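Number of protein chains: 2
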Amino acid sequence: MLKISELAAKTGLTAHTIRFYEKHGLISASERSEAGYRYYNEADIRRAEFVKTARNIGFSLEDISQLLSIRVDKTSHSCQEVTDITQHKLDEVNAKLEELRSMQNTLQILLKSCCGGPENATHCSIMEALEAGDLKKTRSAA
Amino acid sequence: MLKISELAAKTGLTAHTIRFYEKHGLISASERSEAGYRYYNEADIRRAEFVKTARNIGFSLEDISQLLSIRVDKTSHSCQEVTDITQHKLDEVNAKLEELRSMQNTLQILLKSCCGGPENATHCSIMEALEAGDLKKTRSAA
DNA sequence: ATTGACCTTAGAGTCAACTCTAAGCTTATA
DNA sequence: TATAAGCTTAGAGTTGACTCTAAGGTCAAT
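Okay, here's the thing in structure tokens:
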């Protein structure tokens, strides 16, 4: 049985984050001491590590919530449900990659066009390009 | 002279966003009607379009703020200042790209490993991989 | 017995960039 | 003249994932 700071050390989460995850139903301590201290057993630890792993991959807390409900009763959930969540995340990642590549491209073009030297910016080609506004849109949402 | 909704139409920003940008010092109306209505002249419009272009490229409002201070007095700023901002943004974008590529890779591996079928998730290889926790970390910050 | 490290809670604060609301003027059109 | 569309402001709400604070209780070691 681990105390919260021990679980924190083990998972690399902070105690604050663990409590935060508990509030959002991702993690819980199956026991409490008389004084109210959280105590985590083996199953709790595995669940916390599952959450950490999923988080590291980039799943949102909402995604992880879904994955956890599958996890607690695998027999009543299908592989398809799991791949759906994963595919959806991949779609998001791909969309973001597309956006970032476009930003990268534009920024590289801007940098190549400018001398970058100590001369004053009166004829800076980056500034001119921003004035001209003929740069393609790279950003969709925040 | 354009009213706020006309500037909105012209730039593709909303009137709300224009006021928000004003509050943050990015845009302003050089005139007001007696009733307090904002009126934008040619220079205001060019500035608003500059902001929009920079925003589309992916610069933060903070970045844009810096670019605008260079813009209003180009002679006392160097090309290097401009490229520094641009390079810094590119560095950010590259870091994020790296992170996302790693996420993409992991997600693709997971998807390839799982049948994705209607069978129950008892032996789902995605779930197993998440349990095992041997997936490399892809995420650094939110 | 006292220190100091650790634990508890509810709730507030942070970040970025909006987005919206309410209450009340103003202006253009029918 | 009445109605609707558009403008004003201050300020609150949104999103996601934390992050921190205050005020206090607990525990191990000296």
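Chains as they are written, first to last, in the numbering used here: chain A, 4 to 145; chain B, 4 to 145.
Heads up, the beta-carbon is just placed ideally off N, CA and C, and yes, glycines get one too.
Here the structure is a predicted model, which is why all the values come from computation and not from measurement.
Query, Result
"Are the CB atoms of Cys118 of chain B and Ala124 of chain A nearer to each other than 8 Å?", "no"
"Using three-state DSSP, classify Ser31 of chain A as helix, strand or coil.", "coil"
"So, for Thr17 of chain B: in the same chain, excluding its five sequence neighbours on each side, which residues have a beta-carbon less than 6 Å away from its beta-carbon?", "Ala11"
"Cα-Cα, which of A:Leu103, A:Leu71, A:Ser105, A:Lys77 is closest to Glu122 of chain B?", "A:Lys77"
"Say whether chain B places a C-beta atom closer than 8 Å to the C-beta of Asn44 of chain A.", "no"
"With a cut-off of 8 Å on the beta carbons, I'd call Leu113 of chain B and Ile129 of chain B a contact; round off their distance for me.", "5 Å"
"Just the Cα atoms here: how many angstroms apart are Ser68 of chain B and Leu133 of chain A?", "13 Å"
"To the nearest angstrom, how far is it from the Cα of Glu34 of chain B to the Cα of Ile48 of chain B?", "12 Å"
"Within its chain, find whatever has a CB closer than 7 Å to the CB of Thr141 of chain B; leave out the 5 residues flanking it on each side and keep chain order.", "Glu102, Ser105, Met106, Thr109"
"Going by Cα to Cα distance, which pick from B:Ser79, B:Lys6, B:Val54 is closest to Ala38 of chain B?", "B:Lys6"
"For Arg58 of chain A, which of A:Ser31, A:Ala135, A:Thr86, A:Thr20 has the nearest alpha-carbon?", "A:Thr20"
"What is the DSSP secondary structure of Tyr43 of chain A, reduced to helix, strand or coil?", "strand"
"Out of curiosity, what's the CA-to-CA distance linking Tyr40 of chain B and Ser143 of chain A?", "30 Å"
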